Structures are given as C-alpha cells and as structure tokens.
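J.: Structure provided below as structure tokens; questions to follow.
There are 2 protein chains.
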Amino acid sequence: MDRKPADGKRRASVGARRSADTEAAILEAAEALLREGGLASFSIEAVARRARAGKPTIYRWWPNKTRLLLDVYLRQKSSMEAIDTGSIEGDCLALLEGLFAYWKSGSGQVFRSVFAEAQSDDTAAEALRDYAADRRAVTGQLFERAKMRGELSDNVDPAIAAELIAAYAWSRLLTGRLDALRQELEATVRQMLRGVLKR
Amino acid sequence: MDRKPADGKRRASVGARRSADTEAAILEAAEALLREGGLASFSIEAVARRARAGKPTIYRWWPNKTRLLLDVYLRQKSSMEAIDTGSIEGDCLALLEGLFAYWKSGSGQVFRSVFAEAQSDDTAAEALRDYAADRRAVTGQLFERAKMRGELSDNVDPAIAAELIAAYAWSRLLTGRLDALRQELEATVRQMLRGVLKR
DNA sequence: GCATATCGAAACGGACCGTTCCGTTCAATA
DNA sequence: TATTGAACGGAACGGTCCGTTTCGATATGC
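Those protein sequences? They're chains S and U, same order as listed.
End of the first sequence = 198 in numbering that gives the first Met the number 0, gap-free, step of one.
End of the second sequence = 198 in numbering that gives the first Met the number 0, gap-free, step of one.
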C-alpha cells in the first residue's frame with residue numbers, strides 16, 4: 000500500500016491520458032448550446048448528448064455546471080482590437096458599438112448567462128467581479144490616455160468613468176436593448192462626457 | 000345539460016371563493032424564501048411547504064414559477080418617498096443611498112432574482128423592460144425639475160441621465176458591490192453630473 | 001502481460017416542475 | 001336546510017436535470 004510518491008503528487012503518466020478531442024467537443028457543445036438557446040437550454044445532459052460524451056467524463060474535468068459555464072465564458076477570445084480614435088468621444092463610441100456588435104453576434108447570450116448564474120452562485124459572482132474589475136482597468140486606459148492628451152479635467156477619476164460606461168453597456172445587454180441607434184449612442188456618450196450641469 | 004348561460008360566462012359565485020389567507024401565505028412564503036436564500040432556494044415545492052399550501056393551489060392561480068416570482072417582485076412597495084433635496088447633486092446622492100439601503104435590507108435579492116430570470120425567460124424580460132422604462136420616467140423627473148430650476152444645460156436629455164444613473168445602481172447590485180462608501184458615491188455623482196471633459 | 005487511467009453507456013437517488021386524482025371543506029342558492 | 005360547485009391540501013405521477021456510481025471497453029506506460 001501507499002504506492003504513491005511521498006510528496007503526494009500523482010504519477011505523471013501511466014494509463015490513458017485526457018482526450019483533447021473530447022475536451023474540445025465538450026467545450027464547443029457547451030458554447031453552441033449557450034449561444035443558441037441561452038442558459039435555459041444549457042444542461043450537462045444536453046452538453047453530453049451534443050458532444051457525444053458521457054456525463055462522468057464532464058464531471059471528471061469540471062466540478063459542476065457553473066464551472067463549465069465559466070470556462071466557456073472565459074475561453075471566448077475578446078477579439079476586441081485596441082481602440083484609439085484620437086478623441087475620447089470617438090473611443091467611447093467605438094467601444095460601445097464594438098461591444099454591442101460582439102454581443103449581438105451570439106456572445107451576448109453567454110455573458111447574460113454568466114450574469115444570471117452570478118445572482119445565485121458565489122463562484123460565478125466572484126468570477127464576474129474579477130472580470131468586471133479587469134474590464135474597468137482596460138477601459139480606464141482610454142480615459143488615462145485622454146487625460147494625458149489634456150482632453151479631460153485634471154480631477155477626473157478614470158476608474159469611475161470606466162465603471163459608468165460599462166454599467167451602461169451591461170444594463171443595455173441585460174435588459175435586451177442592444178438595438179440602440181448610432182444617433183442614440185452619440186447622444187448618450189456626449190452627455191456622459193460633458194455632464195449635465197450648466198457651465 | 001348545457002346549464003351554463005348562453006354567453007358562456009361562468010356563474011359569478013357558487014361555491015367556495017379564493018382564500019385570501021392562502022394567497023397571502025403563498026406570497027409571503029415566496030417573498031421570505033427569496034429574501035433569505037435568493038433564487039436558489041425559491042422553488043414551488045418550497046413555497047408550498049412553507050405556506051402549508053398544496054402545489055395545485057399555487058398552480059391554480061399562478062401559471063408558472065416565473066409569474067409567481069414577478070408577482071412577489073411587483074408587490075413590493077417601493078416605499079421610496081419622494082426625493083427633493085433642492086439640488087440635482089443632492090437628489091442623485093439621496094437616490095443612490097436610498098436605493099442601496101433598500102436593496103441591502105433584503106429586497107436586493109428579489110430584484111437580483113428577477114434580473115437572473117429575465118436572462119432566459121421572455122415574460123420576465125418584458126416585465127423588467129417595462130419596469131425599467133417606468134423607473135427611467137420617475138428618475139427623469141428629478142432632472143426635469145433641475146432643468147426647470149436652471150441647474151442643467153438646455154440640451155440635456157433627462158431620460159439619458161436617468162438611464163445612466165439607473166445603470167450604475169443596477170451594475171452595483173448585480174455584481175454584489177453595494178458597499179460603496181459615501182465618499183465614493185459623492186465622487187461618482189459629481190463626475191456623472193459634471194462630466195469629464197475639460198471646460 | 002499487467003497495472004493504470006480514460007472513455008461512453010447505463011443506471012441511480014434526489015430535487016424539482018407542472019399535472020392529475022382524491023377526499024374534504026366552504027359558501028351561495030334553491 | 002339540502003344541494004351544488006368551487007377551492008382546498010395531500011399524494012402521486014411522468015418528466016427533466018444534477019451529480020454519482022458501476023460497468024465494460026479501450027488506450028497507455030512499465
């Protein structure tokens with residue numbers, strides 16, 4: 000007995016190894032189900048059927064349904080190329096238009112599912128908080144740059160600005176209102192940047 | 000046979016009528032479950048157990064779980080007294096602080112559950128859109144009033160302003176970040192109202 | 001060959017949804 | 001007051017899903 004190494008680590012490679020094909024098939028099936036039917040049609044059983052995999056195989060590599068959902072979500076390449084239009088107004092518009100188009104292409108369903116899951120699952124909530132903080136940092140750079148250019152007031156907090164624009168985009172996604180006209184987006188961005196107070 | 004009236008309408012009142020006690024017990028049990036454990040612990044079976052009611056009784060009056068959730072949600076008294084501090088900055092601060100305190104008192108779990116449900120259920124999504132539009136109208140009045148007072152620029156759109164502040168509050172709720180310090184809220188409101196552009 | 005590890009298929013217990021049946025209770029009416 | 005129809009709670013149902021267990025088959029390293 001006790002044939003394991005003293006350090007407790009499993010031996011590296013005896014026996015069959017994890018099938019990369021199966022892993023890919025599971026992730027692709029899960030993503031497809033989410034994009035097509037959202038969280039309602041996303042179940043481990045449906046993923047297994049579609050991937051021609053066994054449920055135990057899924058549970059061998061993912062501890063539960065939420066983790067699989069998060070894996071699909073985090074695996075999505077942002078594919079958001081760097082934004083730099085030269086003005087903060089142009090940057091914000093490009094950000095929102097790019098985001099809305101990306102979400103409308105199917106990824107919105109995945110993101111919405113993560114949001115839904117995060118309302119009752121702690122691990123999903125934590126993952127979403129981490130992701131949101133990361134996005135705030137990235138978007139904040141747009142405002143940092145604009146500040147460097149002298150476009151913004153000196154006492155502006157880029158993190159707050161990034162949070163406001165992200166909150167707007169998310170609320171549009173989560174209430175199913177991504178069909179904003181260009182003109183509407185322009186008015187919103189302009190008011191967000193200029194504020195409302197009389198000057 | 001054919002003892003029903005020719006117009007097909009049911010007779011108004013023969014037999015027992017809907018028990019107001021039972022209806023109240025069901026709604027109270029449902030609300031309590033949502034406030035205590037969120038959407039995860041909200042099931043028709045649990046509601047029936049807690050309300051000492053039969054499942055068929057619930058399904059007799061509510062077509063499905065989502066409608067019962069929405070009924071609990073819409074029955075919550077907003078209890079939000081009218082806001083009028085004299086300045087738009089004070090109004091926005093009072094709005095956010097009141098909202099956060101209200102949500103922290105337990106109602107936040109109910110609202111979060113509606114948001115989660117709305118990500119995969121169309122009737123919940125529609126109800127949420129309607130509610131959001133209503134809130135935009137109410138909050139927009141704060142900005143209308145400020146405009147009347149001459150506090151705001153003439154070309155400000157109160158609806159956009161209301162949408163931005165609601166989006167900020169919701170994103171805080173949905174990502175579990177209601178613990179904003181007073182100072183943080185003040186900075187956010189100030190930046191939202193003044194904008195970020197150099198003037 | 002033999003031990004180990006993976007795989008898919010099938011089945012399981014448990015929870016829940018939404019429905020059906022049953023016997024009881026309640027209230028309007030004849 | 002007796003009758004009648006409607007609402008009630010309890011029990012059970014078929015179905016779906018979660019997460020687990022068992023099984024036989026297959027792939028890999030010693």
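Every residue, glycine too, gets a C-beta built ideally from N, C-alpha and C.
This structure is a prediction, so every number in the text was calculated from the model and none was measured.
According to DSSP, simplified to helix, strand and coil, what is L141 (chain S)?
T.: In the structure shown, L141 (chain S) sits in a helix (DSSP, three-state: H, G or I).
J.: Going by the beta-carbon positions, is the gap between A33 (chain S) and V71 (chain S) smaller than 8 angstroms?
T.: The amino acid occupying residue 33 (chain S) in the given sequence is Leu; Ala does not appear at that position. Yes, Cβ-Cβ distance for L33 (chain S) and V71 (chain S) is below 8 angstroms.
J.: Of the residues U:E185, U:P62 and U:A23, which one's Cα is nearest the Cα of R51 (chain U)?
T.: Cα-wise, what sits closest to R51 (chain U) is U:A23.
J.: Can you list, in chain order, the residues of its chain whose CB lies under 6 angstroms from that of T84 (chain U), leaving out five sequence neighbours each side?
T.: D90 and A93.
J.: Closer than 9 angstroms, Cβ to any Cβ of chain U: which residues of the stretch 141-153 of chain S, in chain order?
T.: The residues in question are F142, A145, K146, G149, E150, L151, S152 and D153.
J.: Excluding the five sequence neighbours on either side, which residues of its own chain have a C-beta within less than 6 angstroms of the C-beta of I87 (chain S), listed in chain order?
T.: Excluding residues within five positions, the ones whose Cβ falls inside 6 angstroms are A145 and E150.
J.: Would you mind listing the alpha helix (DSSP H) stretches within the stretch 23-67 of chain U that are 4+ residues and don't spill past its ends, in chain order?
T.: Listed in chain order, they are 43-50 and 54-60.
J.: Hey, how far is the Cα of D156 (chain S) from the Cα of A45 (chain S)?
T.: Roughly 46 angstroms separates the two Cα atoms.
J.: From which residue to which residue does the alpha helix (DSSP H) around I164 (chain U) run?
T.: Unbroken alpha helix (DSSP H) run through I164 (chain U): P157 to L173.
J.: Identify the continuous alpha helix (DSSP H) that holds S86 (chain S) and give its terminal residues.
T.: No alpha helix (DSSP H) contains S86 (chain S), which DSSP labels as neither H nor E.
J.: What does the alpha-carbon distance come out to for the pair R148 (chain U) and L141 (chain U)?
T.: Between R148 (chain U) and L141 (chain U), the C-alpha separation is close to 11 angstroms.
J.: Based on the DSSP output, what are the partners of L196 (chain U) in its beta bridges?
T.: Beta-bridge pairing links L196 (chain U) to S:L151.
J.: Quick one: what's got a C-beta closer than 8 angstroms to R171 (chain S)'s C-beta in the same chain, skipping five residues either side?
T.: Excluding positions up to five away in sequence, the list reads F99, L177 and A179.
J.: Suppose the cutoff is 6 angstroms on Cβ atoms and the five residues either side in sequence are ignored; what does the same chain contact list for F41 (chain S) look like?
T.: Result list for F41 (chain S): L32 and L33, in chain order.
J.: Where does M79 (chain S) sit, in a helix, a strand or coil, going by DSSP?
T.: Of the three classes helix, strand and coil, the one that applies to M79 (chain S) here is coil, per DSSP.
J.: Please list, in chain order, the chain S residues whose beta carbon lies closer than 7 angstroms to that of R111 (chain U).
T.: Those within 7 angstroms of R111 (chain U) in chain S are Q118.
J.: Specify whether the stretch 158-169 of chain U and the stretch 120-137 of chain S touch according to this definition: at least 3 beta carbon pairs, one from each stretch, less than 8 angstroms apart.
T.: No contact exists between the stretch 158-169 of chain U and the stretch 120-137 of chain S.
J.: Alpha carbon to alpha carbon, how far is R189 (chain U) from L173 (chain U)? Give it in angstroms, no decimals.
T.: In a straight line, the C-alpha of L173 (chain U) is about 23 angstroms away from that of R189 (chain U).
J.: For K8 (chain S), count the other beta carbons within 10 Å of its own beta carbon; 16 or more makes it buried, fewer makes it exposed. Which is it?
T.: Caution applies to K8 (chain S), whose pLDDT of 37 falls short of 50 and renders its modelled position unreliable; the model cannot decide the point.
J.: List the whole-angstrom C-beta distance separating A39 (chain U) from S119 (chain S), where the pair is believed to meet the contact cut-off of C-beta under 8 angstroms.
T.: Indeed, because the Cβ distance is near 4 angstroms, the residues count as touching under 8 angstroms.
J.: Of the residues S:A186, S:G107 and S:A131, which one's Cα is nearest the Cα of G37 (chain S)?
T.: Taking only the C-alpha atoms, the option nearest G37 (chain S) is S:G107.
J.: According to DSSP, is L177 (chain S) part of a helix, a strand, or is it coil?
T.: L177 (chain S) falls in the coil class under three-state DSSP.
J.: Quick one, which of U:I159, U:I57, U:G194 and U:T56 has its alpha-carbon nearest D153 (chain S)'s?
T.: Out of U:I159, U:I57, U:G194 and U:T56, U:G194 has the C-alpha closest to the C-alpha of D153 (chain S).
J.: Helix, strand or coil: which one does DSSP assign to D129 (chain U)?
T.: DSSP places D129 (chain U) in helix when its eight states are reduced to three.
J.: Which residues in the same chain have their Cβ closer than 8 angstroms to the Cβ of K103 (chain U), if we skip the five residues on either side of it in sequence?
T.: Once the five neighbours on either side are set aside, the close Cβ partners of K103 (chain U) are L177.
J.: Distance cutoff 8 angstroms, beta carbons only. Does T174 (chain S) sit that close to anything in chain U?
T.: Chain U contact via Cβ: present.
J.: What residues in the stretch 51-63 of chain U have a beta carbon less than 7 angstroms from any beta carbon of chain S?
T.: Within the stretch 51-63 of chain U, no residue has a Cβ that lies closer than 7 angstroms to any Cβ of chain S.
J.: Quick one: does K197 (chain U) have its CB under 8 angstroms from some CB of chain S?
T.: Answer yes: the Cβ-Cβ gap between K197 (chain U) and chain S drops below 8 angstroms somewhere.
J.: Could you compute how far the alpha carbon of N63 (chain S) sits from the alpha carbon of T56 (chain S)?
T.: Answer to the nearest angstrom: the Cα atoms are 12 angstroms apart.
J.: Please return the same chain residues whose Cβ sits closer than 8 angstroms to the Cβ of R49 (chain S), not counting the five positions on each side in sequence.
T.: Cβ within range, chain order: A28, A31 and L32.
J.: Measure how close the beta-carbons of L95 (chain U) and L184 (chain U) come, nearest whole angstrom, since I'm counting them as under 8 angstroms.
T.: L95 (chain U) to L184 (chain U), Cβ: 5 angstroms. Contact.
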